[in-house]
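Participant:
Residue numbers (our numbering): 117 to 1055.
#1: DSSP three-state call for residue 657: helix, strand or coil?
#2: DSSP on residue 492, reduced to helix/strand/coil?
#3: Can you give me the Cβ contacts of residue 676 inside the same chain, cut-off strictly under 7 Å, excluding the 5 residues immediately before and after it?
#4: Does the beta-carbon of residue 838 have 16 or more other beta-carbons within 10 angstroms, so that it is buried, or is it exposed?
#5: Step through the CB atoms of chain B and report whether any lies within less than 8 Å of the CB of residue 342.
#6: Compare the beta carbon distance of residue 641 and residue 820 with 8 Å and say whether it is the shorter of the two.
#7: Can you tell me which of 333, 423, 269 and 761 puts its alpha carbon nearest to the alpha carbon of residue 538?
#8: With a 10 Å radius around its C-beta and 16 neighbouring C-beta atoms as the bar for buried, classify residue 645 as buried or exposed.
#9: Curious, which full-length alpha helix (DSSP H) runs of at least 4 residues does the segment 290–376 contain?
#10: With DSSP as the reference, label residue 422 as helix, strand or coil.
#11: By a C-beta neighbour count over all protein chains shown, 10 Å radius and 16 as the cutoff for buried, is residue 559 buried or exposed?
#12: The beta strand (DSSP E) spanning residue 746 covers which residue range?
#13: May I ask you to list the residues that DSSP assigns as paired with residue 792?
#14: Could you spell out the range, first to last residue, of the beta strand (DSSP E) harbouring residue 1010?
#15: Could you give the first and the last residue of the continuous beta strand (DSSP E) run that contains residue 462?
#16: Just the C-alpha distance for residue 723 and residue 860, rounded to the nearest angstrom, thanks.
#17: Within its chain, find whatever has a CB closer than 7 Å to the CB of residue 993; leave out the 5 residues flanking it on each side and keep chain order.
#18: Considering only residues of the segment 837–900, which uninterrupted alpha helix (DSSP H) runs meet the minimum length of 4 residues and lie entirely inside it, listed in chain order?
#19: CA-CA distance, residue 540 and residue 595?
#20: Between which two residues does the beta strand (DSSP E) harbouring residue 985 extend?
#21: Looking only at C-alpha atoms, which of 241, 328 and 910 sits nearest to residue 966?
#22: The beta strand (DSSP E) spanning residue 623 covers which residue range?
#23: Would you report the Cα separation of residue 725 and residue 766, rounded to the nearest angstrom?
#24: Starting from residue 220, trace the beta strand (DSSP E) both ways and give me its first and last residue.
#25: Within a Cβ cutoff of 6 Å, which residues of the same chain sit near residue 956, ignoring the five residues on either side of it in sequence?
#26: When DSSP builds the beta bridges, which residues end up paired with residue 273?
#27: Rounded C-beta distance between residue 953 and residue 912? I'm assuming under 8 Å.
#28: How long is the line joining the alpha carbons of residue 287 and residue 546, rounded to whole angstroms?
#29: Does the Cβ-Cβ distance between residue 869 and residue 522 come in under 8 Å?
#30: Kindly list the residues whose CB is nearer than 7 Å to the CB of residue 165, restricted to its own chain and excluding five residues on each side of it in sequence; keep chain order.
#31: Identify every residue that forms a DSSP beta bridge with residue 555.
#32: Using the Cα positions of residue 712 and residue 447, report the straight-line distance between them to the nearest angstrom.
#33: Please report the straight-line C-alpha distance between residue 198 and residue 314, rounded to a whole angstrom.
#34: I need the straight-line Cα distance from residue 781 to residue 404, nearest angstrom please.
#35: Looking only at DSSP bridge pairs, what is residue 739 linked to?
#36: Taking buried to mean at least 16 other C-beta atoms within 10 Å of its own C-beta, is residue 583 buried or exposed?
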């Protein structure tokens, strides 16, 4: 025996585990191990007599220990080939992984994954762990089996693209353990119950509500064990206190019932229409609704929330990002990983919708990073009704977008629930350890069509032949447990019947606990429900306070060096702070923020170039010209308050960033949250967020949000894409007091307007058509007195009128065109024309406009003047509002550009010509020409 052992290269203490594994394999199949080991075990078993496993192991280990100090491992000289082969399997194994439960797309075979390709032939060779990064020595044969199980079986992992070798090595070390992974009997029973509930609920709804849309999860049932594993792993090992989820309609009802504990009665009520909205709200379809709950998981209370979303796939992603960011700052400032974002994607949408990379690009930024999150692709391999995968994506895999952002991807066979659980646990552990994103590609299928009324075999006949012959996952997994004697068929049948009984009774399928977190958060918003926009609030600040704040804004660190233009700006602001000169727009805006911070209200301002402002008017953060060190002007004010001023230059994104800020503002009603577009023209890149969330969230979902949009707007000869924030589109969306649209024209007005947004208990979005040229206009100025008195005025009367009886024409307008009208009127010494500014276009201030117009009873001509073409701007949507406020003898006329497809002229000269014509028409210096429809006339 000793001679036999001396011929082997593995007999030392470090290889005890290897010998144990070898003996286990011998017991299963004696012919599968190296011949010398078979002889050794045969002799040890005394010619086949029955010997206890533990006794043989003890004897072997004793002999190994005896040899440990007398003999070292003889290492063969091919470690380079071994390491190359191991690295190849770990990095490329996903190409051949068996992750498709339908087997419709056989994986390609890669020669580089074979032992022969790397010049390895001796399967009995013992592999030192330092070569293979294995946990212990194995023979090449066993190592091959283990790596195939971990990387070429039910899991295919894409890790090699990660830039950080620490992350790569950690993930591979964890994935290696899948070869040994097995759920306990208790865990297997839990998984089976989860699958039974997932399928049972769908079958119940299918029978009760025949052909009604529910966007079934059937075929993707493993999503439920996946979500449950995330909860359990997070609560038990990583301090998880909250899971925030967003997802599309596929499987949403199932997740609500089986993860969030929404009762079946509530779900059935949505089918039958028992839950009706009142006449003032529209409500929404059942598979768009959100929910929240709390559950006891591993002795810990975990809060769950699901964001409301529209049918516009993936656009809820940045909303969730902002919601989680707000909760981290407000609720988990010391441990942001206590809340985890879980984003569920559809297979067709994740690789096609541009908002996906926009949101992923936020993940590591200062403004929007949330300490990582978990992405789950419910990959049913079909994507609506596309017949060929190449029509769904130009990538090799639908998950390839994640690789562009250095995110690992775990592909997993959705019909292997234990592999799914392993991936979920690994994903949660990775997020907790590295505070970064990770993606799980749950490869499954869709048992039914796109919806329950759809016949999928029309476009995917071969796929659905396979699916119809395929056992349901809970049946398949139950058979495994029956075979292993853990369950009986009767137990399985009884469990299925129990779920049907619970569904019919309208019960909750899982247990939840008292949702104290949800109640607390709801209470925060309660004061803002059913409030009127017409409430008057105190927005003025005393002159003493304003001057103190102004002086604090002008302080800077000792030795701080200004850049030349900033030095000039700060000198001008010194004069404003002392009251020697009136203040401009930028200074009044900063004072609004400073006063709110002093009062305990945080301010969050995000957008492209917002720290300085697109037009360099704000300069909220300065940079030392010598050292590059930054200094925030609000620093001394923040030092005296619990509130913060968070101003972030964002990525070059509208949909992603606006969505995130909407999400943030929908969580925290007491922080002034603002998003500023670089130019208002670019805000339509986020039109889906504006249409589906910003303008309609209250009517659909009874969700408030007070986000402020700063949209630079105004015609100044900069062309069609740098002139218009598309005012008309926002006004078209206005109804039921769902938002506010304002066009302030003085520094005092923006000061009061921003403060009103926080101090008035009316929490609806505020869209501000902010100025460009007015930022430095010599007439667009205000004093400390203007800020210390009054409030935001929805209408500004003409203060230059000496006699109202002399007025024959009243010009109504909004925005910076007022200053051009004012200058032209002064140049012509006109005394019979009044200029009235409508500073709030929605909700329309009827009473205020009527009160102002009543002073001009002698005027017979009411003119609406706008810069925008007639088919744009406020004319079409506000015309009836103006007419309501007029007297019977007065007529309303339009002075402005004729209808145009593009917002503005591309030539500065043409712009000036058209602008002058608009001004002259409004003031009566030129005839107002009726618009000619038909042939287009060019200047």
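Glycine included, each C-beta is placed from N, C-alpha and C at the ideal position.
Facilitator: This is what the structure holds:
#1: Sequence index remark: in the chain shown, residue 657 carries index 541 (1-based). In the three-state reduction of the DSSP assignment, residue 657 falls in the coil class.
#2: Position 376 of the chain shown, counted from the start, is the residue given in the question as residue 492. In this structure, residue 492 counts as strand in the three-state DSSP scheme.
#3: If you number the chain shown from 1, residue 676 lands on position 560. The residues 740 and 747, in chain order, have a CB closer than 7 Å to that of residue 676 in the same chain once the five nearest residues on each side in sequence are set aside.
#4: As a working mapping, residue 838 is identified with position 722 in the chain shown. Residue 838 sits buried, since 16 or more C-beta atoms from the chains shown fall within 10 Å of its C-beta.
#5: This model lacks chain B altogether, as it is built from one protein chain only.
#6: Residue 641 sits at position 525 when you count from the first residue of the chain shown. Residue 820 sits at position 704 when you count from the first residue of the chain shown. Going by C-beta atoms, residue 641 is nearer than 8 Å to residue 820.
#7: The sequence position of residue 538 within the chain shown is 422, counting from 1. The shortest Cα separation from residue 538 among 333, 423, 269 and 761 belongs to 269.
#8: Position 529 of the chain shown, counting from 1, holds the residue named residue 645. Label assigned to residue 645: exposed.
#9: With a minimum length of 4 residues, the continuous alpha helix (DSSP H) runs that stay inside the segment 290–376 are 301–324, 339–353 and 368–374.
#10: The residue you call residue 422 lines up with position 306 of the chain shown. Residue state, collapsed to three classes: strand.
#11: If you number the chain shown from 1, residue 559 lands on position 443. Around the beta carbon of residue 559, 16 or more other beta carbons lie within 10 angstroms, which makes this residue buried.
#12: Locating residue 746 in the chain shown gives position 630, where the first residue counts as 1. Residues 746–748.
#13: Your numbering for residue 792 matches position 676 in the chain shown. Note: residue 792 sits in a beta bridge opposite 723 and 826.
#14: Position 894 of the chain shown holds residue 1010. Residue 1010 -> beta strand (DSSP E) spans 1007–1013.
#15: By 1-based counting over the chain shown, the position of residue 462 is 346. Counting along the chain, the unbroken beta strand (DSSP E) around residue 462 starts and ends at 455–462.
#16: Here residue 723 corresponds to residue number 607 of the chain shown, with the count starting at 1. Here residue 860 corresponds to residue number 744 of the chain shown, with the count starting at 1. Each residue's Cα considered, the two are about 20 Å apart.
#17: Taking the chain shown and counting its residues from 1, one reaches residue 993 at position 877. Closer than 7 Å at Cβ, skipping near neighbours: 844, 847 and 848.
#18: Fully enclosed alpha helix (DSSP H) runs of 4 or longer: 843–849 and 863–875.
#19: Locating residue 540 in the chain shown gives position 424, where the first residue counts as 1. Locating residue 595 in the chain shown gives position 479, where the first residue counts as 1. In this structure, the alpha-carbon of residue 540 lies about 23 Å from that of residue 595.
#20: For the purposes of this step, residue 985 is identified with residue 869 of the chain shown, where counting begins at 1. From DSSP, the beta strand (DSSP E) with residue 985 extends over 977–985.
#21: Within the chain shown, numbered from 1, the residue matching residue 966 stands at position 850. Answer by Cα proximity: 910.
#22: Translated into positions along the chain shown, residue 623 becomes position 507. Element bounds for residue 623: n/a, residue is neither H nor E.
#23: Taking the first residue of the chain shown as position 1, residue 725 is located at position 609. Taking the first residue of the chain shown as position 1, residue 766 is located at position 650. Taking the straight line from one Cα to the other gives about 7 Å.
#24: Start at 1 with the first residue of the chain shown, and residue 220 comes out as number 104. Going by DSSP, residue 220 is part of no beta strand (DSSP E) at all; its letter is neither H nor E.
#25: For the purposes of this step, residue 956 is taken as residue 840 along the chain shown, with counting starting at 1. Around residue 956: 858 and 910.
#26: The residue given as residue 273 occupies position 157 in the chain shown. Paired residues: 526.
#27: Here residue 953 refers to the residue found at position 837 of the chain shown. Here residue 912 refers to the residue found at position 796 of the chain shown. The Cβ separation is near 4 Å, so the contact holds.
#28: The residue labelled residue 287 in the question sits at position 171 within the chain shown. The residue labelled residue 546 in the question sits at position 430 within the chain shown. Annotation: residue 287 to residue 546 spans about 8 Å, alpha carbon to alpha carbon.
#29: Taking the chain shown and counting its residues from 1, one reaches residue 869 at position 753. Taking the chain shown and counting its residues from 1, one reaches residue 522 at position 406. Cβ distance not < 8 Å, so residue 869 and residue 522 don't count as in contact.
#30: By 1-based counting over the chain shown, the position of residue 165 is 49. Low confidence applies to residue 165: its pLDDT is 43, below 50, so where it sits in the model is not reliable, and the reading given next is rough at best. Nothing listed; no residue qualifies.
#31: Along the chain shown, read from residue 1 onward, the residue named residue 555 stands at position 439. Residue pairing by DSSP places residue 555 opposite 491 and 525 in a beta bridge.
#32: By 1-based counting over the chain shown, the position of residue 712 is 596. By 1-based counting over the chain shown, the position of residue 447 is 331. Straight-line Cα distance between these residues: approximately 21 Å.
#33: Position 82 of the chain shown, counted from the start, is the residue given in the question as residue 198. Position 198 of the chain shown, counted from the start, is the residue given in the question as residue 314. Going from the Cα of residue 198 to the Cα of residue 314 covers about 44 Å.
#34: In the chain shown, residue 781 corresponds to position 665, counting from 1. In the chain shown, residue 404 corresponds to position 288, counting from 1. Straight-line measurement puts the Cα of residue 404 at about 20 Å from the Cα of residue 781.
#35: Along the chain shown, one-based indexing puts residue 739 at 623. Paired residues: 746.
#36: Taking the chain shown and counting its residues from 1, one reaches residue 583 at position 467. Buried is the call here.
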